[in-house]
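There are 2 protein chains.
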Amino acid sequence: MDIDAWEPPHVLLAVDLVIFTLRGGRLQVLLVQRGVAPFAGAMALPGGFLNHAEEDLAAAAGRELAEEAGLAAEELHLEQLGVYGTPGRDPRGRVVSVAYLAIAPRLPEPVAGTDAAQAWWVPTDVALADGAALAFDHRQIITAGVERARTKLEFSALATAFCGAMFTIAELQEVYEAVWGVRLDPRNFYRKVQSVDGFIVPAGPTRKNDNGRPARLFRPGPRDTLHPPMTRPPAPADNVRTERA
Amino acid sequence: MDIDAWEPPHVLLAVDLVIFTLRGGRLQVLLVQRGVAPFAGAMALPGGFLNHAEEDLAAAAGRELAEEAGLAAEELHLEQLGVYGTPGRDPRGRVVSVAYLAIAPRLPEPVAGTDAAQAWWVPTDVALADGAALAFDHRQIITAGVERARTKLEFSALATAFCGAMFTIAELQEVYEAVWGVRLDPRNFYRKVQSVDGFIVPAGPTRKNDNGRPARLFRPGPRDTLHPPMTRPPAPADNVRTERA
DNA sequence: ACAATAGTGTCTATCAGACACTATAAT
DNA sequence: ATTATAGTGTCTGATAGACACTATTGT
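As you go down the protein sequences, you meet chains A and B in turn.
Numbered according to the numbering used here, the first sequence spans residues 1 to 245.
Numbered according to the numbering used here, the second sequence spans residues 1001 to 1245.
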């Protein structure tokens, strides 16, 4: 270790984005099809190398978010998920990737302004199915993202990031049901979510409807950490949501 | 971005270690005194650059653990804490550091086999006090480590990592009290900790004493995630532990 | 005996979950 | 009227916290 001429080695640094949204009552992740080697043709998370040696990590994540998904980083929840740097993970050399988790409100199918050849919303259970061909260690990263989202829903106001500026309590419940993969009692959810201190606040006496009684609208409240937390029911496997009746 | 000659930039990769132990009923962190610039003379977390371009991140963390603290990585809890890569954080250039959290059982004062000039156990509240001079962004990293340890104590069996292979329930309670900074009722803690499924298991009818009734000994149980979790009391500021009577 | 810590029993306020019931809309 | 969703009332089993009490050691 004390060789005089020793110089610390350099590595290539990348950012990868796990972008979640809710579509059709299911948790979906944005995937792009790689156009170049390695893993050409396979599905991968949007991401890329740092632009220049002085670019900030979070800034690089926001830039990729705009370039590859056409989303503005300022309006989204964006947080660090982890570092993935196993030596053999990229055949081009030593690449260390910082994974970020991003949450977007409900979005339509074609992602506008996409830089990559193609980008799709893919349900997480499909993306993680056995047959799915994912580039690099992105399967592992997506799994970590799902797990992170699940636990953050319990203890933080992250669920509101899946909704727009205004939402009904039933819409918020759909977020919990989709991410957790369970069904919840609407009556108990209704009071539970309102009993948590600054989670959601009423947004005027406004209303909105499908074919039942109009629901009150809410906005995200000031608090990010929930006291008391939302309790996730123990997953009994037969409680999993299949279809939205 | 589509300039033909563009090459992705390289960065220097480092690992930093937040090593916690319990001494004198207080949560303490291992700090070394830097011998060279930058921040020569200031206190810093143990850590360093990757040895070579193919060294695994976790392996580098384990190596620094051995070199700078004389601790064997195999016996310790070691987990990724986060990435710190703000451009200006290291005056030598673009250095991105991966922080790891390590938990060690009660250890004596002088850390054997230390590579750095000096290494000390420092109570976290002292290390984070206003006057403390910490190198780089290590104050921020230690703060994140404390917060991580606090929440992990609630939902995982991490507390047993602070104890040895055998421990009494009172010793386990000391861990919770020190890390959370609160006092707990021994009677309620006693049953609570035993009601959690595979948290701790009895280690023979063995015993051990100070000057009261001998206590039963326990070993860490098979489960890592606690169901139900240990509930952390709301911190009312006057509940903080000051001295061990 | 006394002091000190280990361990048990039990009460109470609170809360998650179940579910009957009322309210307000569209058709 | 019927259907569908929004929102309220209330019961019950489980649990966190408070705390009286018993058990087992050293001095």
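Built from N, CA and C at the ideal position, the CB exists for glycine as well.
If you reduce the DSSP assignment to three classes, tell me which class residue 1006 of chain B lands in. Here residue 1006 of chain B sits in coil by DSSP.
Chain A partners of residue 1222 of chain B, CB-CB under 8 Å?
Correct list: empty, because the minimum Cβ distance to chain A is about 18 Å.
> In its own chain, which residues sit with a C-beta less than 6 Å from the C-beta of residue 1242 of chain B, not counting the 5 before and 5 after it?
Replying inline: For residue 1242 of chain B, the predicted model reports a pLDDT of 36, less than 50, meaning its position is unreliable and no value from the coordinates is stated.
* What's the gap between the Cα of residue 1014 of chain B and the Cα of residue 96 of chain A? -> 12 Å
Applying the 10 Å Cβ sphere with the 16-neighbour rule, what's the burial state of residue 1239 of chain B? Only weak support is given to the placement of residue 1239 of chain B: the predicted model assigns it a pLDDT of 36, under 50, and the value that follows is read from those uncertain coordinates. Classification of residue 1239 of chain B: exposed, given that the 10 Å Cβ count is below 16.
Requested in this report: Look at the Cβ atom of residue 1223 of chain B, then the Cβ atom of residue 1199 of chain B, and state whether they are nearer than 8 Å.
Outcome: Yes, Cβ-Cβ distance for residue 1223 of chain B and residue 1199 of chain B is below 8 Å.
Any residues in the segment 35–61 of chain A with a beta carbon nearer than 8 Å to a beta carbon of chain B? Which ones, in chain order?
For the segment 35–61 of chain A, the residues whose beta carbon sits under 8 Å from a beta carbon of chain B are, in order, 49, 50, 51, 52, 53, 54, 55, 56 and 57.
Within this structure, are the beta carbons of residue 175 of chain A and residue 22 of chain A separated by less than 8 Å? Closer than 8 Å, so yes.
Review point. Taking 8 Å as the CB-CB limit, is residue 1232 of chain B close to chain A?
Key: Residue-level contact by beta carbon fails for residue 1232 of chain B and chain A, as no gap is shorter than 8 Å.
Inter-stretch contact at 8 Å, needing at least 3 Cβ pairs: the segment 144–153 of chain A / the segment 54–62 of chain A | no
Excluding the 5 residues preceding and the 5 following residue 150 of chain A in the sequence, name in chain order all residues of the same chain whose CB lies nearer than 8 Å to its CB. Once the five neighbours on either side are set aside, the close Cβ partners of residue 150 of chain A are 179, 180 and 232.
| query | What are the residues that DSSP puts in a beta bridge with residue 1016 of chain B? | reply | B/1047 and B/1099
### Query
Under 8 Å between C-beta atoms, does residue 1214 of chain B make it to chain A?
no
Next on the checklist: Would you say residue 1289 of chain B lies against chain A (beta-carbon separation less than 8 Å)?
Outcome noted: Residue 1289 of chain B lies beyond the residue range present for chain B, which begins at 1001 and ends at 1245; the question has no answer from this structure.
**Message:** Strictly below 8 Å CB to CB, what residues from chain A border residue 1205 of chain B?
**Reply:** Using a Cβ-Cβ cut-off of 8 Å, residue 1205 of chain B is close to nothing in chain A; its nearest Cβ partner there is about 34 Å away.
- Task: Output, in sequence order along the chain, the residues in the segment 75–102 of chain A whose CB is closer than 7 Å to any CB in chain B.
- Result: Cβ contacts with chain B come from 80, 82, 83, 85, 86, 87, 94, 96 and 98.
- Message: As a quick exercise: from B/1127, B/1134 and B/1106, pick the residue whose alpha carbon is nearest that of residue 1090 of chain B.
- Response: B/1134
Item to check | Residues within the segment 1105–1136 of chain B neighbouring chain A, beta-carbon criterion of under 8 Å | outcome: Per Cβ criterion, the list is empty.
Closer than 9 Å between beta carbons: that is the criterion. Which residues of the segment 1173–1188 of chain B meet it against chain A? none
Quiz prompt | Under the three-state DSSP convention, the category residue 1118 of chain B falls into | solution = coil
**Request:** Answer with buried or exposed for residue 1127 of chain B, where buried requires no fewer than 16 other C-beta atoms within 10 angstroms of its C-beta.
**Result:** buried
CA-CA distance, residue 228 of chain A and residue 193 of chain A? 10 Å
- prompt: Considering only the beta carbon of each residue, do residue 19 of chain A and residue 129 of chain A sit closer than 8 Å?
  reply: Against a cut-off of 8 Å, the Cβ pair of residue 129 of chain A and residue 19 of chain A comes out as no contact.
Would you check if the distance between the CB atom of residue 110 of chain A and the CB atom of residue 27 of chain A is smaller than 8 Å?
-> no
Problem set entry | Three-state secondary structure (DSSP) of residue 1062 of chain B | helix
Proximal chain A residues relative to residue 1012 of chain B, where beta-carbon distance stays under 7 Å: 8 and 10
Item checked: Beta-carbon contacts of residue 1237 of chain B that lie in its chain and below 6 Å, excluding the five residues immediately before and after -> At residue 1237 of chain B the pLDDT is 43, less than 50, meaning the model places this residue with poor confidence; the figure from the coordinates comes in the next sentence. Hits under 6 Å: none found.
* With residue 1202 of chain B as the anchor, note down where its alpha helix (DSSP H) starts and where it stops. => Residue 1202 of chain B -> not in any alpha helix (DSSP H); beta strand (DSSP E) instead, spanning 1200–1202.
- Per DSSP, residue 219 of chain A forms a beta bridge with which residues? According to DSSP, residue 219 of chain A bridges with A/201.
Taking the alpha-carbon positions, what's the residue 1082 of chain B to residue 41 of chain A distance?
Each residue's alpha carbon lies about 31 Å from the other.
_What does DSSP give as the partner residue(s) for residue 32 of chain A in the beta ladder?_
A/44 and A/119
Exercise. Would residue 1011 of chain B pass as a contact of residue 10 of chain A if the rule is Cβ separation under 8 Å?
Worked result: yes
Checklist entry - Under the rule that 16 or more other beta-carbon atoms within 10 Å means buried, what is residue 1098 of chain B, buried or exposed? => result buried
Pick out whichever of A/158, A/185 and A/208 has its Cα sitting closest to the Cα of residue 225 of chain A.
A/158
Return helix, strand or coil for residue 1238 of chain B, following the three-state DSSP convention.
A caution first: residue 1238 of chain B carries a pLDDT of 40, below 50, which makes its placement in the model too unreliable to give a value.
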